[in-house]
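Just so you know, the sequences run in chain order A and B.
Counted from 1, the first sequence has number 336 at position 336 by UniProt numbering; the numbering is strictly sequential.
Counted from 1, the second sequence has number 375 at position 375 by UniProt numbering; the numbering is strictly sequential.
Even for Gly, the Cβ is constructed at its ideal location relative to N, Cα and C.
All values reported here derive from a predicted model rather than from experimental measurement.
Some notes on the structure that comes next.
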Amino acid sequence: MSENGVTARRSKVLTIDTMNATVKKVEYAVRGPIVQRAVQIEKELKEGAKKPFTEVIKANIGDAHAMGQQPITFFRQVLALCSYPELLKDGNFPEDAKHRARRILQGCGGESIGAYSGSQGIECIRQDVARYIERRDGGVPCDPDNVFLSTGASDGIVTMLKLLVAGEGRSRTGIMISIPQYPLYSAALAELGAVQVNYYLDEEKCWGLDISELQRSLEAARQHCNPRALCIINPGNPTGQVQSRQCIEDVIRFAAKEDLFLMADEVYQDNVYADGCQFHSFKKVLFEMGPEYSNTVELASFHSTSKCYMGECGFRGGYMEVINLDPEVKEQLSKLVSVRLCPPVPGQALMGLVVNPPQPGEPSYTTFMKERTGVLSTLAEKAKLTEQILNTVPGIACNPVQGAMYSFPRITLPERAVKEAKEKGQAPDMLYCMKLLEETGICLVPGSGFGQRDGTYHFRMTILPPVDKLQILLSKLKEFHQRFTQQYS
Amino acid sequence: MAENGVLHPERVLTLDTMNPNVKRVEYAVRGPIVQRAVQIEKELKEGVKKPFTEVLRANIGDCHAMGQRPITFLRQVLALCTYPELLEDNKFPEDAKSRARRFLAACGGGSIGSYSMSQGIELVRQDVARYIERRDGIPSNPDNIYLSSGASDAITTMLKLLISGEGATRTGVMISKPQYPLYSAALADLGAVQINYYLDESKNWSMDASELRRSLAEAKKHCTPRAICVINPGNPTGQVQSRQCIEDVIRFAAEENLFLMADEVYQDNIYAEGCEFNSFKKVLFEMGPKYSNKVELASFHSTSKCYMGECGFRGGYMELINLDPDVKVQLTKLVSVRLCPPVTGQALLDLVVNPPQPDEPSYPTYKKERAAVLAALADKAKMTEEIFNKVPGMSCNTVQGAMYAFPRIELPQKAIEAAKEKGQAPDMFYCMTLLEEKGICLVPGSGFGQREGTFHFRMTILPPTETLKVVLEKVEEFHRKFTEQYS
């Protein structure tokens, strides 16, 4: 190997050529190239580099606490009590927090949150989740044995997709997902080597779902794969629409007729802002449609502790409820999740509190309600503010942010900008967002990272920065857009 | 679809239409015997009469579930991070508060509720790097460290990256027999080829280069071996590989162009005289640049074992050595899809690698607690080995490290036949009978792999000493009775 003292360079074992081919196809724009550049810029600023701005504003990711939102006091109190049970003797903690903590600890091996839990998740917490679901859905029964706690909703979603993937070539599993979509779906499908089957949301109708579009998409897909499931995100990410009850019924009817497993991503279920909009869980609607549907449609619903009013992303708490899952498949599912032992117990505990919050009459109730309402009303304000301001910008059109945490406005880009982007091998909205980042320090995610109709461009921006900062952000964005448009005219 | 009011639709997702790889996955540590144990616990709760009053779960390496206490300092800091109001509470020592402040300052919005960087909080990775440097005397770059949701997460991620090809070019991954069944499960799930190399029971479960070569040569006929996984200290076998052995493995990996995966989650669990933990990384670098510049290595660690036993937090990390930079870009991209490992687990890991120092207020208590846990484990390791070795028909290698005994059991021919009639592995039959008769839950050796015609079980050494003694006596009684019964 060594000649004349020069060591021949041997090829490594693990290279871009020898590695897993499907992993190479994975993309995840929310933390992709633009965010990498943003992180780099932050480093440059720290090192004293001069820029037209003093800080980078990360409006790319749905991380409420990172943008200054405060945790819910009660949740953190109970979690602290669970972490260090000595505090149960501390007079500064309210009785209801202590009571919750004791209950959680009793559900843990050796009464410690450091013990593994059952792989499906702590039983008393799954029971609490089931009761939450029943209350939410107007009494439709929920069996705790159909509830699987998970490491964030992403974990549950990926697990279900994995179970669904089978076949080869024309019989390869196809999974329907919206365009635009939250790119966990496209990433997971790429990694699993499944076929992504796109159905377009209708921008003209506030990103509503159209059954004829579902039909079109499905029929086209059947030419080259075996569509087995339909994923829907409601409230939507990145689009923020809150589907009407009628729409949800139509989707269920479609899934039943076309033999599709339904995956309902409902992590933003408390984030509903617009007048006239209401969250309807897929499960509730399914059961209200009667046994013809509720006995047959296979459904998995997902929820998380990362969004809503809690914003506890770092805890990686979540669950899924499975309806009409084949019992033998359920066994396989239980076996599969057992390999990873269990979801993080602090996240399980947190989920247990989210679904079982302080009740009227309990000491922590008043503060809890105040904090919860405070967060949700602020988000509603910011949703409206964002829509209003963006719609005053010529060349930007923003649908109402009915729910979730993002605006996804459409931007008109001058032909010259589109050309330059293509020459650079960049998506035009990536060029736009990169320039925005370099000139203003604002980090957004280009619409191309989520999918959009050909020839249209968007960006996704969170509504999470504090109101005054958000206002500054929006006005800088407005200036930038006008400048950009002029520059490329 | 409805006939006479009865619905019998063909489901979309069935055993036939589902992912075939998933069907091949097995994980004995939480498999059928544990499911039966859970059922029995329910029956006991409902008042069913049994020859025992409780089920003793000695199937899983879960210390806290068996009564081990958390380390005070770790939990104090975690509480402070969780509810920073407590920073004003004078019941907490200053060093705990300063660790908490430092950690919170590294979190988005000063909250552990924020997502972190997908690779893990930079501060933590720097602390991990310093820990590795102190442990090994070799430089460590924080950028080569990836925090993970327990070690299992990182192990699965690396295996995933390694899988490619089809048929004869399909990736083969070498793993010990016996092994911790995360590996076999992950390889089945990924559709990779599992390549077994036997550990030598007659030599305290040590690795043998000639056995590695035999296994590899055989495997090359039907797949493309790309990696070798070593668990040291071993699970289920508990051996602590000698330094010489580690060198041999590294040399083998270098010669045969294999990516080396070193699962070192039990690195503090070393009990036997003359045994010492040598990290693969340290040995690699001490072997000089011919190896340290070439061998691709991933080392894994976790917060679930050692003296902390914080399984529920899902904390862990891996360090990558000589990873191709283009592959590293792909790895970073892959982990970004799942956003980040649990931040509480990252906080915990930070404390594990950066514990109280001699001049800090929490040091004496920390030291005492840590020493006590490890000493108790060492005691129990020895006691277990001694008691099992007194039982005719049982032989137990020295529990040099980790948390398990993996004794070999002789089973009468009649028992083997009875098992075969039931369609059960003989040691599963043995363990199931033990469970039903004594309420003790162990995992049969067939769940980990063993030489044909040999039988074992894995039992944790975790129950409190008094309880463990009782368990060992009951197992002994059972073994004698079982042997008699099937003679």
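Exercise for the section: Quick one: using the 10 Å Cβ neighbour count with 16 as the cut-off for buried, is Asp95(B) buried or exposed? Expected result: Around the C-beta of Asp95(B), 16 or more other C-beta atoms lie within 10 Å, and the residue is accordingly described as buried.
Problem - Collapsed DSSP secondary structure at Glu276(B) in the structure displayed - result: Coil at Glu276(B), not helix or strand.
Exercise for the section: List the residues that DSSP assigns as beta-bridge partners of Ala264(A). Expected result: Paired residues: Ile232(A), Ser301(A).
Problem - Inter-stretch contact (C-beta, 8 Å, three-pair minimum) for the stretch 27-44 of chain A and the stretch 329-343 of chain B - result: Yes, the stretch 27-44 of chain A touches the stretch 329-343 of chain B.
Exercise for the section: Tell me, please, whether the CB atom of Asn271(A) is closer than 8 Å to any CB atom in chain B? Expected result: It does not; no Cβ of chain B falls within 8 Å.
Problem - Coarse secondary structure for His222(B), derived from DSSP in three states - result: Coil, per DSSP.
Problem - Rounded C-alpha distance that separates Val22(B) from Leu87(A) - result: Going by the C-alpha atoms only, they are around 44 Å apart.
Practice task
Give a yes or no on whether 8 Å exceeds the smallest Cβ distance from Ala79(B) to chain A.
Solution key: At a cut-off of 8 Å between C-beta atoms, Ala79(B) counts as an interface residue with respect to chain A.
Problem - Contacts that Thr14(B) makes with chain A (C-beta to C-beta distance below 8 Å) - result: Those are Asp326, Glu328, Val329, listed as they occur along chain A.
Handout entry: Closer than 8 Å to chain A by CB, Glu46(B)
Key = Closer than 8 Å: no.
Practice task
Along the alpha helix (DSSP H) that carries Lys283(A), what are the first and last residues, could you check?
Solution key: For Lys283(A), the uninterrupted alpha helix (DSSP H) segment begins and ends at 282-288.
Practice task
Flag Thr460(B) as yes if its beta-carbon sits less than 8 Å from any beta-carbon of chain A, otherwise no.
Solution key: Contact with chain A is absent for Thr460(B), since none of that chain's Cβ atoms lies less than 8 Å from the residue's Cβ.
Problem - Contact check, Cys63(B) vs Gly234(B), beta carbons under 8 Å - result: Taking a C-beta distance under 8 Å as the contact criterion, Cys63(B) and Gly234(B) do not qualify as a contact pair.
Practice task
Could you tell me which residues DSSP puts in a beta bridge with Asn196(B)?
Solution key: As computed with DSSP, Asn196(B) is found in a beta bridge with Ile175(B).
Handout entry: Collapsed DSSP secondary structure at Arg410(A) in the structure displayed
Key = When DSSP states are grouped into helix, strand and coil, Arg410(A) belongs to the strand group.
Handout entry: Neighbourhood of Arg316(A) by C-beta, 6 Å cutoff - its chain only, sequence neighbours within 5 removed
Key = For Arg316(A), where only same-chain residues beyond five positions count, the Cβ hits under 6 Å are Thr151, Gly152, Pro344, Gly347.
Exercise for the section: Mind checking who Met461(A) pairs with in its DSSP beta bridge? Expected result: DSSP lists Ser407(A) as the bridge partner or partners of Met461(A).
Practice task
Tell me, please, whether the CB atom of Cys313(A) is closer than 8 Å to any CB atom in chain B?
Solution key: So, interface residue.
Problem - Residue from Gly393(B), Leu334(B), His479(B) whose Cα sits closest to the Cα of Lys25(A) - result: Ranking Gly393(B), Leu334(B), His479(B) by Cα distance to Lys25(A) puts Leu334(B) first.
Practice task
Determine the chain A residues that contact Pro70(B) at a beta-carbon separation under 7 Å, and present them in chain order.
Solution key: Within 7 Å Cβ-Cβ: Ser112, Gly114.
Handout entry: Beta-carbon proximity list for Pro348(B), same chain, < 7 Å, skipping 5 on both sides
Key = Pro is not the amino acid found at residue 348(B); the sequence shown has Leu there. Exclusion of the five residues before and after Leu348(B) leaves Leu74, Leu78, Thr303, Glu310, Phe313, Gly315 as the residues of its chain whose Cβ lies within less than 7 Å of its Cβ.
Practice task
Just tell me which of Ile409(B), Gln241(B), Cys441(B) has its CA closest to the CA of Cys275(B).
Solution key: The shortest Cα separation from Cys275(B) among Ile409(B), Gln241(B), Cys441(B) belongs to Gln241(B).
Problem - Lys419(A) to Arg453(A) span [Cα, whole Å] - result: Lys419(A) and Arg453(A) have their C-alpha atoms roughly 18 Å apart.
Handout entry: Close-in-space but distant-in-sequence residues of the same chain around Gln402(A) (CB under 6 Å, 5 per side omitted)
Key = Counting only residues of its own chain and dropping the five nearest sequence neighbours on each side, Gln402(A) has a CB closer than 6 Å to the CB of Gly240, Gln241, Val242, Ala274, Cys277.
Practice task
Please classify Ser210(B): is it buried, with 16 or more other beta-carbons within 10 angstroms of its beta-carbon, or exposed?
Solution key: Classification of Ser210(B): exposed, given that the 10 Å Cβ count is below 16.
Practice task
Report the rounded CA-to-CA distance for Thr485(A) versus Asp250(A), giving the unit in angstroms.
Solution key: Distance between the alpha carbons of Thr485(A) and Asp250(A): 41 Å.
Exercise for the section: Given a cut-off of 8 Å, decide if Leu350(A) and Thr305(A) are closer than it, judged by their beta-carbon atoms. Expected result: Thr305(A) places its beta carbon less than 8 Å from that of Leu350(A).
Practice task
Indicate whether at least one CB of chain A lies closer than 8 Å to the CB of Glu466(B).
Solution key: Glu466(B) does not count as touching chain A.
Practice task
Check the Cβ of Gly68(A) against every Cβ in chain B and list those closer than 7 Å, keeping chain order.
Solution key: For Gly68(A), the neighbours in chain B by C-beta distance under 7 Å run, in chain order, Gly109.
Handout entry: Neighbour list for Ile16(A) in chain B, Cβ cutoff strictly below 8 Å
Key = Chain B residues near Ile16(A): Asp324, Asp326, Val327, Gln330.
Practice task
Counting only runs of 4+ residues fully inside the stretch 108-188 of chain B, write out the alpha helix (DSSP H) ranges in chain order.
Solution key: Here the runs fully enclosed are 122-136, 150-162.
Handout entry: Beta-carbon proximity list for Arg416(A), same chain, < 6 Å, skipping 5 on both sides
Key = Correct list, in chain order: Tyr488.
Problem - Pairwise C-alpha distance: Glu292(A) and His8(B) - result: Low local confidence applies: a pLDDT of 49 at His8(B) is under 50, so the model's placement there is unreliable, and no value is given.
Practice task
Name, going along the chain, the residues of the stretch 244-270 of chain B whose beta-carbon falls closer than 8 Å to a beta-carbon of chain A.
Solution key: Listed in sequence order: Asn257, Leu258, Phe259.
Handout entry: CB contact below 8 Å: Gln76(B) versus chain A
Key = Yes, its Cβ sits closer than 8 Å to a Cβ of chain A.
Problem - Every unbroken alpha helix (DSSP H) within the stretch 342-398 of chain A, with a cutoff of 4 residues, ordered by chain - result: Runs found: 345-354, 365-390.
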